[in-house]
Each structure stands twice: as C-alpha cells, then as structure tokens.
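Peer 1:
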Amino acid sequence: MTRLLKRLRPLLAALLLPALAAHADDTAQPKKLTIGLLPGESAPTVMRLNEPLRAHLEKTLGIPVELTVGANYAATGEALRFGRIDIAYLGPVTYILQSKRTHLEPFARPTHAKVGPTFQAVVIVPADSPARTLEDLRGQDVAFGDPASTSGTWVPRWMLADAGLVSGRDYSLRVLGAHDAVALAVASKKVAAGGLSKPIYERLIREGKLDAAKVRVLADSPAIPEYQWTFREGLAPELKEKIRKAFVSTSDPAALGVFRAEAFIPSVDADVDRVREWISVVEREHPEAVTVKP
Numbered sequence: 043m044t045r046l047l048k049r050l051r052p053l054l055a056a057l058l059l060p061a062l063a064a065h066a067d068d069t070a071q072p073k074k075l076t077i078g079l080l081p082g083e084s085a086p087t088v089m090r091l092n093e094p095l096r097a098h099l100e101k102t103l104g105i106p107v108e109l110t111v112g113a114n115y116a117a118t119g120e121a122l123r124f125g126r127i128d129i130a131y132l133g134p135v136t137y138i139l140q141s142k143r144t145h146l147e148p149f150a151r152p153t154h155a156k157v158g159p160t161f162q163a164v165v166i167v168p169a170d171s172p173a174r175t176l177e178d179l180r181g182q183d184v185a186f187g188d189p190a191s192t193s194g195t196w197v198p199r200w201m202l203a204d205a206g207l208v209s210g211r212d213y214s215l216r217v218l219g220a221h222d223a224v225a226l227a228v229a230s231k232k233v234a235a236g237g238l239s240k241p242i243y244e245r246l247i248r249e250g251k252l253d254a255a256k257v258r259v260l261a262d263s264p265a266i267p268e269y270q271w272t273f274r275e276g277l278a279p280e281l282k283e284k285i286r287k288a289f290v291s292t293s294d295p296a297a298l299g300v301f302r303a304e305a306f307i308p309s310v311d312a313d314v315d316r317v318r319e320w321i322s323v324v325e326r327e328h329p330e331a332v333t334v335k336p
C-alpha cells in the first residue's frame, strides 16, 4: 500500500494543482463582487439605499455585484476578514477591530460639501426632557446601537465619559442594536437618551419615520472620520485598481446619494487615528463594558 501511494503521489499532485490554481484565481479575481454592508438600520433599508451604488459598480466593472448585510457589525467585519465578501463599508471602530486580526486595505471614503470626509454622532432626548447637558443624564437609562458602531456606541460613550459619566456607575447602558431602534426608543420614552449617527437621525426625521416634535438633540459630537471602503486580503492588484477607480472617479448622484457625498476620495489607515484615541478613553473609563478586544 505504501509503494502504491508513493507511485500515486505525482499523479495526485498533477490532478490537484490545476484545481488549486483555479481556486486561487477565483479568489483573486472573483467572477462576482460581493459587497458587505453594516446593519445600521434594517437590512431591507440598507439594501434599498445602496442599490444605486451596486448598479453603478456592476456597470463600471462589467461583472455581477451583490450586496449583503451582516447580522451585526462584527459579522460584516468577520466576513471581510475570512474572505466571504470582497469589499465592505466599515465604520472606523469596526475597521480598527478587524485590522488588528488581519490585513485590511481601506481605499475610499465619502467627502461632503461643508464638512469634508467627516460626520457626527448625536445624543438625543425626548423633546420634553428636563436634561440640558450630558451631565443631566446621571442615573438614567441611555440607549446605544450595535456594540461595534462608531457613532451609535463608541463616540456617544466617549462624549459621556468626557462629561464625567461612567456606565454602570453614572448611567445604565442599553444596547438596542441599530440607530433607528435607538431613535424610536427615545421618542417613545422607553429610555432617557440615546446615541446615534446624526445623518441617520436627520434622515429618519426627513422620511417621516421619526417625529421631530418628540425628540431633540442634547449634544453633538466632534467631527468623526468617515466610514472607509475596504478591500479584503487576497484580491488581485488589477481588480483593486479597477474598483478604486470606479469609486473615486464617479460623479453619479444616485450612487453618491445615500452617502450625502460630493465624491469618494482615497483613504488610508491613519485616517481613523482620532477614533483610536477615543477608543482608548472609553476602554479606560469603562473597563467592565462592551470591549473592543478582537
């Protein structure tokens, strides 16, 4: 049997090598581009809002393009890490978490007319809340989105820490999973306050999904570095260049619309360094709470 196996090894190798090479080619040059999106809102809403971009990329690249929404922020990051998706639109915190575990390459981010490549988070309260400052939330329930959300959890928690409030000691942390869930919980007075993305907050009001008469902004965050479009490891350089150009060269208002963007501009790892500093503050002030350890 041993002699037979030795004789068969060259034949088996000859049979397997083409298959392995074909698999490597499919991995580097996928026949379909799969885009991962974060579930900042319900999956159908996220898919609908990003459909114009999907159509633009499919037309520009000449290959099928598919959208997928992760069950949570970590799931989208893990899918990119393990190569189940090809590119993903990651918030700074999700990107920072996953880049600790594998090589990820940011390549583009949206930029806006008045604020450049930044956005903000807000802490909101019911319209008739007596709170006038973040310090007034002491002893209250405060809602947040996904544990890995930059504007839905980490930046609002940094804002509270900066105001001297520590979760578990000064307020109770409620994790609701998505920005829209936080906004609706505040509007219905299920919680005293909530942190979420300012662009999403404004769109919920604009679309009539959130009653502007029932909520108000208690505090705005500093400028947050924008989300980054990010490559998984292993894509062919020529494909990455085509994808990069498809983003940074577009002026299609439909494709840019969901991002409220004038354009996409190049992005690099250092663009999110400010968020790394905020994460360090939250970890120091809230060692018992949601962790950012990979």
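So for the sequence shown, the numbering used here puts the first residue at 43; every next one is plus one.
Cβ atoms here follow ideal geometry from the backbone N, Cα and C, with glycine treated the same way.
Alpha carbon to alpha carbon, how far is A297 from P279? Give it in angstroms, no decimals.
Peer 2: 24 Å
Peer 1: Here's a check: name, in chain order, each residue in its chain whose Cβ is nearer than 8 Å to the Cβ of R96, leaving out the five neighbours to either side.
Peer 2: So the qualifying residues of the chain are I77, V107, E108, L109.
Peer 1: Where does the unbroken beta strand (DSSP E) through S214 begin, and where does it stop?
Peer 2: 214-219
Peer 1: Where are the beta strand (DSSP E) runs, 3 residues long or more, that stay fully inside the region 248-309, in chain order?
Peer 2: 257-262, 270-273, 305-307
Peer 1: Taking the CB atoms as reference points, tell me whether G236 and I166 lie closer together than 8 Å.
Peer 2: yes
Peer 1: Would you kindly report the start and end of the unbroken beta strand (DSSP E) that includes S239?
Peer 2: 235-239
Peer 1: State buried or exposed for V310, treating a residue as buried only when at least 16 other CB atoms are found within 10 Å of its CB.
Peer 2: Exposed, since its Cβ has fewer than 16 Cβ neighbours within 10 Å.
Peer 1: So is Q71 buried or exposed if we call it buried at 16+ other beta carbons inside 10 Å?
Peer 2: So Q71 ends up on the exposed side.
Peer 1: Does the distance from the CB of V88 to the CB of V111 come in under 8 Å?
Peer 2: yes
Peer 1: Taking the alpha-carbon of K74 as reference, which of I127, R123, A116 has the nearest alpha-carbon?
Peer 2: I127
Peer 1: Is there contact here, the region 170-188 with the region 305-324, by at least three beta-carbon pairs under 8 Å?
Peer 2: In this structure the region 170-188 does not touch the region 305-324; the number of beta carbon pairs closer than 8 Å is below three.
Peer 1: Taking the alpha carbon of E327 as the reference point, which residue from G206, T160, Q162, G299 has its own alpha carbon closest?
Peer 2: G206
Peer 1: Comparing C-alpha positions only, which one of K232, R248, W200, D183 sits nearest to A265?
Peer 2: W200
Peer 1: With DSSP as the reference, label V208 as helix, strand or coil.
Peer 2: Taken through DSSP and simplified to helix, strand or coil, V208 comes out as coil.
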